[in-house]
Amino acid sequence: MPQPNMQQMLKQVQKMQQDMMAAQEQLKDEIVEASAGGGMVTVKVTGDLVVKEVRIDPAAVDPDDVELLQDMVTAAVNQAVDQAQQLAASKLGAVSGGLGGPGGPLGGLGLPGM
0 MPQPNMQQML
10 KQVQKMQQDM
20 MAAQEQLKDE
30 IVEASAGGGM
40 VTVKVTGDLV
50 VKEVRIDPAA
60 VDPDDVELLQ
70 DMVTAAVNQA
80 VDQAQQLAAS
90 KLGAVSGGLG
100 GPGGPLGGLG
110 LPGM
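When we follow numbering that gives the first Met the number 0, the leftmost residue of the sequence shown carries the number 0, and every step to the right adds one.
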C-alpha cells in the first residue's frame with residue numbers, strides 16, 4: 000500500500016481551511032428569522048449567531064403580563080439561534096466533508112473551524 004503524499008495532504012488541508020474561513024465569512028451575511036406568539040415577536044439572527052433585530056408588536060406589550068412578553072422573546076431568540084446553528088452546520092459541513100467533527104479524522108487536530 001503506497002504511503003500518502005504528505006505535501007498533497009497538506010495542500011488539501013490548507014485548501015479546506017481556506018474554504019472553511021470563506022464559509023464562515025459568508026455566514027455573517029446569512030440571516031434567519033424566527034417568531035413567537037403568532038408573529039408578535041420576531042427575531043433576526045446571522046449565521047454566525049449575532050442577533051440583528053428584535054421586533055415586538057405593540058399589542059404584545061401588556062404591563063400586567065410582562066412575563067408573557069419575556070417568554071415570547073426568549074422563544075423567538077432560541078428558535079432563531081437554533082436555525083442559525085443548523086445553517087452553519089450545513090454550510091461548514093459541506094466544506095469539511097464531515098472531516099472536522101469530533102469523530103472525524105481531522106477533528107482532534109485543533110484546526111480553526113474543525
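Beta carbons: idealized from backbone N, C-alpha and C, even for Gly.
query: DSSP state of Val180 mapped onto helix, strand, coil; result: One cannot answer for residue 180 here, as it falls past the ends of the chain, which runs 0 to 113.
query: Under 8 Å between C-beta atoms of Val76 and Val49; result: no
query: The alpha helix (DSSP H) enclosing Ala115, as first and last residue numbers; result: This structure does not reach residue 115, given that the chain is present from 0 up to 113, and the question cannot be answered.
query: Where Gln69 falls, given that 16 or more other Cβ within 10 Å makes a residue buried; result: exposed
query: Cβ neighbours of Lys14 in the same chain (closer than 8 Å, five flanking residues each side left out); result: none
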